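The structure appears right after this line, and notes come after that.
Numbering (the working numbering), first residue to last: 292 to 374.
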């Protein structure tokens, strides 16, 4: 599975994307964010609130309860502000 991080999540995780061997207990987006919180300490507080993030798979927004497939490319967008 591939995970792509957008905007300032790239800085917090130290990478724009990563390939992950998805553990068997990571079945949903919410499970994935818990897994990512363990891997990326600086971004852990945000990953601990999966409802605060936006997720895209196959150019469609999905919710935190979305069931994952091994071939998914998950794009994660943090909350952003602008002006």
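Ideal Cβ placement from N, Cα and C applies to all residues, glycine included. On a predicted model such as this, the values are computed, not experimentally measured, just so you know.
Verify whether the separation of the beta carbon atoms of residue i and residue j is less than 8 Å.
i, j, result
"residue 320", "residue 352", "no"
"residue 313", "residue 344", "no"
"residue 292", "residue 311", "yes"
"residue 334", "residue 304", "yes"
Using DSSP bridges, identify the partner residues of residue i.
i, result
"residue 310", "293"
"residue 353", "346"
"residue 375", "Residue coverage of the chain in this structure runs from 292 to 374, which leaves residue 375 outside it and unanswerable."
"residue 329", "Partner(s): none; residue 329 has no beta bridge."
Where residue i and residue j are concerned, what is the direct C-alpha to C-alpha distance, given to the nearest angstrom?
i, j, result
"residue 356", "residue 306", "25 Å"
"residue 328", "residue 349", "23 Å"
Comparing alpha-carbon positions, which option in the options lies nearest residue i?
i, options, result
"residue 294", "323, 303 and 342", "323"
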